[in-house]
Structure formats: C-alpha cells, structure tokens
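Structure, as structure tokens:
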Amino acid sequence: MTPKQIVSELDRYIVGQFEAKKAVAIALRNRYRRSKLSLQDREEITPKNIIMKGPTGVGKTEIARRLAKIVKAPFLKVEATKYTEVGYVGRDVESMIRDLVEVAIRLVKDERYKEVESRAFAAAVNRVADLLSKKSEELPQGVTKATLVDELSKHNLDQLNVEIQVADVPKPIELQAGGGGGEINLGSIFGDILPKKMKKRTVTVEEALKIFAAEESEKLIDLDSVEAEALRRAENDGVIFIDEMDKIAGAASHNGPDVSREGVQRDILPIVEGCTVSTKYGNVKTDYILFIASGAFHVSKVSDLIPELQGRFPVLVELASLGVEDFVKILTVPANAITDQYKKLLAVDGIDLQFTDDGIREIANVAFDQNNTLEDIGARRLQSIMEHIVEDVSYDVNEGESRTVVIDQKYVENNFRTESRNLKKYVL
C-alpha cells in the first residue's frame with residue numbers, strides 16, 4: 001500500500017492525527033522500498049524509529065491496533081511497563097523479539113496452510129469417512145465410503161457425533177506466577193523421545209474435520225522452511241509497537257536499583273540499536289526491525305528518557321488533544337462509531353435508538369467540557385458519557401416490546417444535568 005492508502009485506511013477508524021498517520025505510513029512504505037534494493041544497499045539502510053507523544057485517548061494505541069491489520073508483516077504490540085532489567089524477576093526485553101518471531105511463525109504457517117487447504121481437507125474427509133464406515137450398523141443400508149466422502153465434502157453430516165483419537169499434549173508449566181518467567185512445555189521437550197500419548201474424544205463431524213485438517217496440514221508443510229522464512233520476515237519486516245514508554249521515563253530512584261525504569265531503558269538500547277537475540281528457532285538480528293514507541297508524557301517528558309535512547313527514535317510526532325469537532329466526527333464517521341455500537345446492541349431488545357445532529361453535538365460539547373474541567377482522557381470520555389445517557393434506556397426493557405428512543409439535544413440536557421455530571425463512577 002502507498003502511504004496515502006495507509007492513511008486513508010487509518011482514517012476509517014481514527015479521527016484526525018494526520019501527522020502521526022503520515023509518519024507511520026512513510027515508515028511502512030520505506031520497508032517496502034528497502035526490500036526492492038540490492039543486498040548491498042539494503043545492509044546500509046536501517047529503519048527510522050518513531051516516538052508518538054500525546055495525551056491519553058487520542059488514538060496512539062488505536063493506530064497500532066489498526067496497523068496490525070493493515071500490514072501483512074509480523075507485528076507485535078507490547079507495554080514497556082511489563083519488563084524489568086535483566087537479572088530480576090519478570091520479563092526481560094529480549095522476550096519481545098522472541099514474541100515477534102512467534103507471530104512471524106504463525107503468519108507464515110497460516111499462509112502455508114492456505115496453500116495445502118484443499119489437500120488437507122480431502123485427507124480429513126477420508127479419515128472421517130473411514131471412521132463412519134466402521135459404524136455401519138448406524139448407517140442406512142448400502143451406504144458406501146464414496147457416498148460418505150461426497151456427503152462429508154458437502155457438509156451434510158456435520159451434526160453427527162464421532163469418536164476420534166487426538167494427541168494428549170501436556171499443558172505448559174509456568175515458571176512463575178503470572179507467566180513472567182516464561183513456560184516449559186514438557187511435551188515439546190520429550191516429544192522426540194517418548195511415543196505420543198493419545199486420548200479419545202467424542203466430537204461432531206464438523207469439529208473432527210477441523211482437527212484432522214489441521215493435523216494433515218502439519219504433515220503437508222515443511223516446518224524447517226516455515227521457520228527459516230519466519231526468521232527472515234521478523235528480521236527484515238518486523239514491526240514492534242512499544243506502548244506506555246513514558247512510564248519508564250523519569251528521575252532515577254535513590255532507594256535502590258531502578259529495575260523497571262532506567263534499567264529497562266538501558267536494556268532496550270541494544271535491541272533498538274541492533275543486536276542478535278537467540279530464540280528457539282534460531283538467532284534473530286534486530287538491526288532492521290521497526291520500533292514505534294508511544295506515551296502520554298504528561299508527567300515525564302520525552303527528554304527524560306536517557307539520551308542514547310532518544311537518539312534511537314529520531315522521528316518525534318506529537319498528537320493533539322481532541323476538540324468538539326473531533327468528538328462529533330468520532331461519534332459519526334468511523335466504521336465502528338460508538339453510536340452505531342449502541343444502536344446495534346439495543347436493537348437486540350427491540351429498541352430503535354436514533355441520534356439527531358444536535359444531540360450528537362451536545363454529547364461532543366459535554367465531552368469537551370469534562371475533559372477541560374476534569375482530567376483530559378480524550379475519546380474515552382465519550383464512552384463514560386454515552387453509558388450515562390443510555391443507562392435508563394438499557395435498563396428499561398420489556399420482552400417483546402418495540403419502541404423508538406430519540407437522543408436529541410433536549411434528551412442529553414435532561415439526562416445529563418450539570419449537577420448530575422459526576423462521572424467518577426465511570427472513570428477508572
């Protein structure tokens with residue numbers, strides 16, 4: 001996709017913030033441009049990492065979520081606050097590279113599965129037909145395996161029950177509470193030494209076809225080539241979005257080692273600069289992975305990050321606070337607008353919820369006032385206000401009764417009087 005196409009795709013869900021969308025779109029396009037160069041030139045060109053600064057609720061994380069769907073490259077979103085310095089209890093920053101490789105493996109596997117989908121399904125149909133033909137006493141007289149295969153292929157027997165044998169995979173053992181220290185999968189450790197343990201399960205034919213198709217797909221694809229391709233993609237096309245970067249900035253602690261702030265910054269340095277991380281699939285060079293960091297930076301500043309780390313993020317983009325017009329657009333323009341969500345939810349109970357233009361503008365005005373007088377929490381304020389406005393409508397439901405509720409300016413004013421504008425119970 002061209003940068004303009006990426007921005008227009010992001011525009012469907014995120015209002016405003018053109019500069020941030022533009023910077024991200026250019027960075028993604030540069031990955032494609034680099035892939036078209038000679039090997040010698042490619043070695044010299046490294047990604048220009050981005051840091052996005054702006055108040056909470058203006059679209060930083062949403063940009064990351066939508067990007068993950070747009071890019072066909074390995075994409076990982078992490079929170080900087082999850083990590084601790086190497087040597088302390090918790091996850092070290094190298095684990096984000098291992099997670100990125102896992103994403104790449106899944107991405108390549110899905111592609112390979114699609115290539116062998118028809119062959120795998122045909123093999124699964126054969127296996128289920130064999131199982132059903134053994135239960136000949138339950139089948140009508142004269143039904144052959146060929147007939148069963150034909151019926152199974154057309155999904156006419158999906159509701160029948162069948163007993164199958166599946167591999168009994170031991171559950172991974174957590175090394176510490178919360179999974180911070182990783183997991184050990186005993187099945188993968190002893191998989192090649194001990195024979196596979198099987199267990200019986202009674203499932204529908206539909207489910208059996210899915211299980212067998214997955215097993216057959218595994219047999220048809222070359223796992224070594226999947227791993228090699230996944231490592232190549234993670235190295236050259238990988239994108240890591242580090243959220244909450246501002247939470248690891250700030251003055252160093254004087255009460256002992258600062259293992260979750262400056263220590264993490266020092267550990268992120270070599271990864272962003274370029275180093276080699278060992279994973280269970282092989283070594284990964286991080287030199288060409290694109291890093292996008294974001295944070296509110298309302299308590300700390302970008303300049304509070306250690307200077308070396310600031311230098312690794314040369315592109316700084318500031319996202320603006322949202323105004324009344326932005327709120328009006330957020331309520332009406334995006335493909336998943338919050339007003340549409342409430343309409344669909346309440347339609348289940350026969351309530352036809354309608355929003356007038358002056359009603360939407362009044363909601364936007366209230367959101368803007370609240371953000372100015374209380375804490376600026378951006379577009380998240382709209383969720384608090386909307387929940388407050390439709391609370392009575394959501395509660396007053398009679399089974400089988402249909403009615404229309406119009407949310408206009410007067411309705412908003414009546415249900416959101418000045419003295420009732422106490423949103424503390426909706427603000428986390």
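Note that full-length UniProt numbering gives residue 200 to position 200 of the sequence shown, counting from 1, and the numbers run on in steps of one.
Glycine included, every Cβ here is placed at the ideal spot set by N, Cα and C.
Start-to-end residues for the alpha helix (DSSP H) that takes in residue i
i	result
A134	Note that residue 134 is Lys in the sequence shown, not Ala. Residues E117 to K134.
K21	F18 to S35
R232	L223 to D237
Q265	E262 to E273
E401	From DSSP, E401 is part of no alpha helix (DSSP H); its letter is neither H nor E.
N414	Q409 to N415
Q5	P3 to D11
T147	K145 to S153
The beta strand (DSSP E) enclosing residue i, as first and last residue numbers
i	result
L290	L290 to G295
D41	Per DSSP, D41 belongs to no beta strand (DSSP E); it is in the alpha helix (DSSP H), L39 to E44.
V203	M198 to T204
A167	N161 to A167
S278	T276 to T279
I248	No beta strand (DSSP E) contains I248, which DSSP labels as neither H nor E.
I14	Where I14 is concerned, there is no enclosing beta strand (DSSP E), given that its DSSP letter is neither H nor E.
residue 458	With the chain running from 1 to 428 in the structure shown, residue 458 is simply not present.
K301	Run containing K301: none; DSSP gives neither H nor E here.
V390	Run containing V390: none; DSSP gives neither H nor E here.
N283	G282 to K285
Buried versus exposed call for residue i [16 or more other C-beta atoms within 10 Å across all chains shown]
i	result
K21	buried
D237	buried
Y83	buried
K145	exposed
G400	exposed
N284	Reading off the sequence, residue 284 comes out as Val, not Asn. Flag for V284 reads buried.
Q341	exposed
G265	This sequence places Gln at residue 265; Gly is not what is there. With 16 or more Cβ atoms within 10 Å of its Cβ, Q265 is classed as buried.
A177	Residue confidence for A177 is low, a pLDDT of 42 falling below 50, so the modelled location carries little weight; the figure read from the coordinates is stated next. By the neighbour-count rule (16 or more Cβ atoms within 10 Å), A177 is not buried but exposed.
Y281	buried
Q370	buried
L132	buried
M198	exposed
D150	exposed
E419	Because the pLDDT of E419 is 44, which lies under 50, any placement of that residue in the model is unreliable, and the number read from its coordinates should be weighed accordingly. That one is exposed.
L209	buried
G323	exposed
S384	buried
T286	buried
Nearest neighbour of residue i, chosen from the options [CA to CA]
i	options	result
K247	F241, R261 and I240	R261
D11	L28, L67 and R33	L67
H155	K135, A167, V128 and T144	V128
A295	A25, P3 and G59	In the sequence as presented, Ala is not what sits at residue 295; that position holds Gly. Out of A25, P3 and G59, G59 has the C-alpha closest to the C-alpha of G295.
N365	I268, E325 and I164	E325
residue 433	E387, R65 and E391	This structure cannot speak to residue 433, because the chain is shown only from 1 to 428.
I289	V239, Q383 and D349	V239
K135	D408, S402 and I164	I164
F297	A23, I63 and K53	K53
G311	S8, N49 and M1	N49
I389	K410, A379, A123 and L220	K410
I306	Y281, G263 and G323	G263
L309	E235, M245 and K344	M245
V101	N161, A213, F75 and S225	F75
I268	D150, V162, F313 and A214	F313
V86	V143, Y13, P270 and F416	P270
A213	V405, S153 and D408	S153
P47	E235, L231 and A379	E235
S118	T56, L220 and I63	L220
A80	D357, L322 and A293	A293
V78	V71, R91, F368 and K69	R91
R403	A228, R380, D352 and V333	D352
Q354	A167, I338 and S303	I338
V412	L157, S321, T356 and E207	T356
D304	A249, E227 and S384	A249
S35	A73, V143, N415 and S394	A73
V71	I51, A123, A122 and V7	V7
L231	V103, S217 and V333	V103
Q159	A228, T61, T202 and I407	T202
I45	A367, E273, E206 and V406	E273
G57	I97, A367, A120 and D396	A367
V205	L148, E218 and A167	L148
G359	E391, D408, M386 and L331	D408
Ranges of the beta strand (DSSP E) found wholly within the stretch 312 to 380, counting only runs of at least 3: 315 to 318 and 351 to 355
I want to know whether the stretch 5 to 21 touches the stretch 313 to 325 - three or more CB-CB distances under 8 Å. yes
Unbroken stretches of the alpha helix (DSSP H), 4 residues or longer, contained in the stretch 56 to 113: 60 to 70
May I ask you to verify whether the stretch 112 to 128 touches the stretch 274 to 293, counting CB pairs closer than 8 Å and requiring at least 3? no
Contact between the stretch 341 to 350 and the stretch 365 to 376 is defined here as three or more beta-carbon pairs at a separation below 8 Å; is this criterion met? no
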